[in-house]
Amino acid sequence: MSAGPMAGGKATVVADIETAPSVRGEIGPETVEAIVADRGEPEWMAARRRQAWEVYRETPMPTTRTEEWRYTDLAKIGWQELAMRDPNPPRPVSSREEIPAEIAGAFTLGEEAAAWVVQQNGVQIWSEVPEELAAKGVLFLDFATAVAEHPELMQTHFMTSAVPPTFGKLAALHGAFVSGGTVVYVPDGVEVELPLTVYRWMDVENASLFPHTLLIAGANSKVTYVEECASPARAQEGLAMNCGVAEIIAGEGAQVRYTIVQQWGRHVFHYQANRVFAGKDSRVQTVLVTLGAKVARSDVECDLQNPGAESEMLGIYLADDHQHFDHYTYQLHQAPSSRSDLLYKGALKDKSRSVFRGMIRVMKGAQQTDAYQTNRNLILSEDAHADSLPNLEIEADDVRCSHAATIGQQDESQLFYLMSRGLTREKAVKLIVMGFFEEVLGRIPVKGLHKRLSAVIERKLG
Amino acid sequence: MPIDTNVTALNLDDYKYGFKDPDNYVFKSEKGLSKKVVEMISSMKGEPEWMLKFRLKALEIYNKKPVPTWGADLSGLNMDEIYFYVKPSEKEGRSWEDVPEDIKRTFDRLGIPEAERKSLSGVGAQYESEMVYHKIKDELSDQGVIFDSIEDGLRNHPDLFRQYFATVIPPHDNKYAALNSAVWSGGSFIYVPPGVEVDIPLQAYFRVNSENLGQFERTLIIADEGSKLHYIEGCTAPTYSTDSFHSGVIEIVVNKGANVRYTTIQNWSNNMYNLVTQRARVAEDARMAWLDGNLGSKVTMKYPSCYLMEKGASGEIMSIAYAGPGQHQDAGGKMVHAAPYTTSEIVSKSISKGQGRSTYRGLVQVQKGAHHAKSNVECDALLLDPEARTDTYPYIEIDQNDASIGHEATVTKIGDEQLFYLMQRGLAEDEARTMIVRGFIEPISKHLPLEYAVELNRLVELEMEGSVG
Numbered sequence: 002m003s004a005g006p007m008a009g010g011k012a013t014v015v016a017d018i019e020t021a022p023s024v025r026g027e028i029g030p031e032t033v034e035a036i037v038a039d040r041g042e043p044e045w046m047a048a049r050r051r052q053a054w055e056v057y058r059e060t061p062m063p064t065t066r067t068e069e070w071r072y073t074d075l076a077k078i079g080w081q082e083l084a085m086r087d088p089n090p091p092r093p094v095s096s097r098e099e100i101p102a103e104i105a106g107a108f109t110l111g112e113e114a115a116a117w118v119v120q121q122n123g124v125q126i127w128s129e130v131p132e133e134l135a136a137k138g139v140l141f142l143d144f145a146t147a148v149a150e151h152p153e154l155m156q157t158h159f160m161t162s163a164v165p166p167t168f169g170k171l172a173a174l175h176g177a178f179v180s181g182g183t184v185v186y187v188p189d190g191v192e193v194e195l196p197l198t199v200y201r202w203m204d205v206e207n208a209s210l211f212p213h214t215l216l217i218a219g220a221n222s223k224v225t226y227v228e229e230c231a232s233p234a235r236a237q238e239g240l241a242m243n244c245g246v247a248e249i250i251a252g253e254g255a256q257v258r259y260t261i262v263q264q265w266g267r268h269v270f271h272y273q274a275n276r277v278f279a280g281k282d283s284r285v286q287t288v289l290v291t292l293g294a295k296v297a298r299s300d301v302e303c304d305l306q307n308p309g310a311e312s313e314m315l316g317i318y319l320a321d322d323h324q325h326f327d328h329y330t331y332q333l334h335q336a337p338s339s340r341s342d343l344l345y346k347g348a349l350k351d352k353s354r355s356v357f358r359g360m361i362r363v364m365k366g367a368q369q370t371d372a373y374q375t376n377r378n379l380i381l382s383e384d385a386h387a388d389s390l391p392n393l394e395i396e397a398d399d400v401r402c403s404h405a406a407t408i409g410q411q412d413e414s415q416l417f418y419l420m421s422r423g424l425t426r427e428k429a430v431k432l433i434v435m436g437f438f439e440e441v442l443g444r445i446p447v448k449g450l451h452k453r454l455s456a457v458i459e460r461k462l463g
Numbered sequence: 397m398p399i400d401t402n403v404t405a406l407n408l409d410d411y412k413y414g415f416k417d418p419d420n421y422v423f424k425s426e427k428g429l430s431k432k433v434v435e436m437i438s439s440m441k442g443e444p445e446w447m448l449k450f451r452l453k454a455l456e457i458y459n460k461k462p463v464p465t466w467g468a469d470l471s472g473l474n475m476d477e478i479y480f481y482v483k484p485s486e487k488e489g490r491s492w493e494d495v496p497e498d499i500k501r502t503f504d505r506l507g508i509p510e511a512e513r514k515s516l517s518g519v520g521a522q523y524e525s526e527m528v529y530h531k532i533k534d535e536l537s538d539q540g541v542i543f544d545s546i547e548d549g550l551r552n553h554p555d556l557f558r559q560y561f562a563t564v565i566p567p568h569d570n571k572y573a574a575l576n577s578a579v580w581s582g583g584s585f586i587y588v589p590p591g592v593e594v595d596i597p598l599q600a601y602f603r604v605n606s607e608n609l610g611q612f613e614r615t616l617i618i619a620d621e622g623s624k625l626h627y628i629e630g631c632t633a634p635t636y637s638t639d640s641f642h643s644g645v646i647e648i649v650v651n652k653g654a655n656v657r658y659t660t661i662q663n664w665s666n667n668m669y670n671l672v673t674q675r676a677r678v679a680e681d682a683r684m685a686w687l688d689g690n691l692g693s694k695v696t697m698k699y700p701s702c703y704l705m706e707k708g709a710s711g712e713i714m715s716i717a718y719a720g721p722g723q724h725q726d727a728g729g730k731m732v733h734a735a736p737y738t739t740s741e742i743v744s745k746s747i748s749k750g751q752g753r754s755t756y757r758g759l760v761q762v763q764k765g766a767h768h769a770k771s772n773v774e775c776d777a778l779l780l781d782p783e784a785r786t787d788t789y790p791y792i793e794i795d796q797n798d799a800s801i802g803h804e805a806t807v808t809k810i811g812d813e814q815l816f817y818l819m820q821r822g823l824a825e826d827e828a829r830t831m832i833v834r835g836f837i838e839p840i841s842k843h844l845p846l847e848y849a850v851e852l853n854r855l856v857e858l859e860m861e862g863s864v865g
């Protein structure tokens, strides 16, 4: 809808990645070949990268005239500052004590985790995976190891079904330059009670990271995965890009919970494509917490191709300053008796801006579908801006679908109630916002994380 | 599925207004659109120079703008096959007797004088490209109310006309507004002086008879301070094997404290492309209400809108759409809050049957400085068949922190429990279904004037009969 009665998108001059001066020469097939050579990757992986590169080359860069990108202008990202690789990748450490204090201090390492790893700028520098997990056949590996040691698994699942390179321009870029990440495999019938946790640290400037998460849950297995992303508290200048993909493949009857907490520094452009491929009678929960980065765009999709699949999609975002958060969600019902329930809640401070675009699509024949979608926004300052576009496309008649969106201020009567009990206006507002977020925070599977996030949000509210 | 042949015979395919009359026009333009056609229309109407310039400029804009791809499929619309101007008779009638016999017969069959007998304030009728009849009650014209064809408006009230014409919908607004600006013909010009209340509706009928005709009526309504007006339009066309095209522009100026209600019941035949731009500019403490019923046409794209420009302005859109087999109703509304304390409400109800597709597309925009704006949107879709489709595309853009905006949509089918309950009380299944559908649209149909509400209910009944599967 770039023209006509609903027109509103601004015309832009598109600065494509390729035409940006400093990366010219670096973003091209030569860089792809250089990465393959540096890492000594096998031929099948090299072929995957080349194939993704081709898709990237053929896919036009989305502009604000592309409906899905109407409110987020990639031309303004500043590609010219970016290199496609980290020029000084970190080295793994040999003991827990050697993990840099800055990183250890940013997380509560190992809290309530069955196993955990630390990745700095895409390189896994430390991991603690107990023997008993490996004994059950559970894999919890960094990306490079998975490529080297489990080629069959990777060839079957890496960017083949959940997020193929054709997913979009940036997913294709990711496929060509993927720089690290995590692979989890849980065999049929195996249950991992505590979370597998990845701590991702990013302190590069003028460089790009392409972390990949591949989560494969076998039939009737159970797994919880938590990813925490953070950057140094000190201010960083040069733009950095995190261009990530997470593929979640749930087998028949599997129960998967996935949480990502994004707290990158303000020098980061964050893009993440998350896609759930849900098997028969599987249950998948995704939670996105978006707090960091300068511009953050997340594509979150669930593909319910099998009967009885269930997807719960939760998100919270709190933006301040000039932060720009854009969430695009897609609930795709292709089979009968599937269920999806989405709740995204956001609050906006200062001159921040949020976009929520959600789509429920029920294909022909997907009868007895239940699909719900709710987006609620609290605007906390005069200069904040929120857009909400909850969409439905329904092609089956025996369905229950609804969506709701609200944008507004905190409820004056609630505020009055709290202030009449002696709270200052600021405290009362804070309390209301915390209560507003609690509906989602309360469903985060890790208690400690829930508590820490509450504290982070409270601090950010100021 | 048992099909009663009597019931099938009543089904929608049997479009009530599908009859056609022999072509008996006094002038018909050549097919297709060109500068020559535009100049010809202007000269036939004896227009002032500025209007001809306006038309030609609009034609340029039209030619530059791409065909919109964001909405319904318009690929079947072939502009080269369309007649852009057809003049049915020499002059516009002031009394029903003046209207040519065959045209009169058509409108008789559509029940227009009958409606007039039900003491409307005024009636206008457009046949092909020109208004053939305009009549308003003497007591209203004595109070200064103007209800003219748009051509007479331009001729008889040039200053008033020029002051407002194309100020609400400029030609560059969208491709089809540009097209209408270039080739407009027919439509109403209405002026209600300050403080005058027109309590009984003014009514206009639009009829397309010729095959491949494009109808481009242009309506300009000015409701001056503190005035009140209800305007109703109805549209029908015969059923041809080739497609026809209707692209109207309706501009409404609602001045301070005025209150305007505009009701459309569009029941074009199922080969009509219906692309209409309707917009009201609403001033301080004024109120605009659109009631938009889309039952006919092959493709409709229509989003009545309210630009709430001053403090305390309010807008309402009630939209009801029925999409049967082969139909795509892409309708909705647009509310722009540009001033403080403005309020708006959109209620949309759609029904999709067979392979019909109904789409709600809407925008609620709260601009910076429009503090204490409030808006609520409710969309409900009812699907009657497994092949039916419904879409909801709401856009909510908020630039003001104390706005209060809500949007809700539901999609359902007729519930087995509801059916069971009614059938248990002795209703046959199709009666029960009809009753449920009627209940579904009731929040909107109750706002219709009685004869339209009756007509709508009758239509729903016809649609629903034989739908028991």
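Chains A and B, in that order, are what the protein sequence lines are.
Just so you know, we're using the working numbering here: the first sequence kicks off at 2 and counts up by one.
Just so you know, we're using the working numbering here: the second sequence kicks off at 397 and counts up by one.
We treat Cβ as the ideally placed atom computed from N, Cα and C, and that holds for glycine.
These figures come from a predicted structure and were not determined experimentally.
- For N797 of chain B, the closest Cβ of chain A is nearer than 8 Å.
- Contact with chain A is absent for T660 of chain B, since none of that chain's Cβ atoms lies less than 8 Å from the residue's Cβ.
- Here the alpha carbons of E55 of chain A and P782 of chain B stand approximately 40 Å from one another.
- Partner residues in the beta bridge of K346 of chain A, as assigned by DSSP, are A:I317, A:R377.
- Comparing alpha-carbon positions, the option among B:I661, B:K427, B:Y601 lying closest to D688 of chain B turns out to be B:I661.
- Chain-ordered, the chain A residues with CB closer than 8 Å to the CB of H803 of chain B read S389, P391, H404, A405, A406, T407.
- The segment 589–600 of chain B and the segment 559–568 of chain B do not touch, with fewer than 3 CB-CB distances between them shorter than 8 Å.
- By the beta-carbon neighbour count (other beta carbons within 10 angstroms, threshold 16), L419 of chain A is buried.
- In this structure, S701 of chain B lies away from Q725 of chain B, with their beta-carbon atoms at least 8 Å apart.
- The beta-carbon of P567 of chain B is placed no less than 8 Å from the nearest beta-carbon of chain A.
- The Cβ atoms of N376 of chain A and Y329 of chain A do not sit closer than 8 Å to each other.
- At the C-beta level, Y479 of chain B and G692 of chain B stay beyond 8 Å of one another.
- The DSSP-derived three-state label of N275 of chain A is strand.
- If the five residues before and after H151 of chain A are omitted, its C-beta is found closer than 8 Å to the C-beta atoms of L140, L142, V184, Y186, all from its own chain and listed in chain order.
- Across the structure, T64 of chain A and D388 of chain A are spaced so that their CA atoms are roughly 17 Å apart.
- Residue-level contact check: Q410 of chain A touches chain B, since one or more beta carbons of chain B fall below 8 Å from its beta carbon.
- Between the segment 746–753 of chain B and the segment 713–721 of chain B, the count of C-beta pairs closer than 8 Å reaches three or more; the two stretches touch.
- K571 of chain B: member of the alpha helix (DSSP H) spanning 571–579, first to last residue.
- Considering only beta carbons, the part of the segment 775–795 of chain B lying closer than 8 Å to chain A consists of A777, L779, L780, D781, P782, E783, A784, R785, T786, D787, T788, Y789, P790, Y791, I792, E793, I794, D795, in chain order.
- If you draw a straight line from the Cα of Q410 of chain A to the Cα of G443 of chain A, it comes to about 22 Å.
- In this structure, the straight-line span from the alpha carbon of G252 of chain A to that of Q369 of chain A is close to 21 Å.
- By the rule that beta-carbons nearer than 8 Å mark a contact, R86 of chain A does not touch chain B.
- Taking each of B:Y481, B:P554, B:L704 in turn and checking the Cα distance to N655 of chain B, the smallest one comes out for B:L704.
- Using a Cβ-Cβ cut-off of 8 Å, S643 of chain B does not count as an interface residue toward chain A, since no Cβ of chain A sits closer than that to its own.
- Using a CB distance cut-off of 8 Å, S382 of chain A counts as an interface residue toward chain B.
- In the DSSP assignment, N772 of chain B is bridged to B:E741, B:G802.
- Under the three-state reduction of DSSP output, Y699 of chain B falls in the coil class, being neither helix nor strand.
- With its beta carbon less than 8 Å from one in chain A, T808 of chain B belongs to the interface.
- Annotation: the continuous alpha helix (DSSP H) that includes Y458 of chain B extends over 445–460.
- Comparing alpha-carbon positions, the option among B:V743, B:K707, B:T739 lying closest to S800 of chain B turns out to be B:T739.
- A348 of chain A has a beta carbon lying at 8 Å or more from every beta carbon in chain B.
- At a beta-carbon threshold of 8 Å, none of the residues of chain B lie near H175 of chain A; the nearest stands roughly 28 Å away.
- W466 of chain B carries a coil assignment under DSSP once its states are collapsed to helix, strand and coil.
- Here the alpha carbon of R460 of chain A sits roughly 31 Å from the alpha carbon of W70 of chain A.
- Inside the segment 223–247 of chain A, DSSP marks whole beta strand (DSSP E) runs of 3 or more residues at positions 223–231, from first to last along the chain.
- Taking the Cα of G309 of chain A as reference, the smallest distance to any Cα among A:K428, A:R340, A:L379, A:E396 is reached at A:R340.
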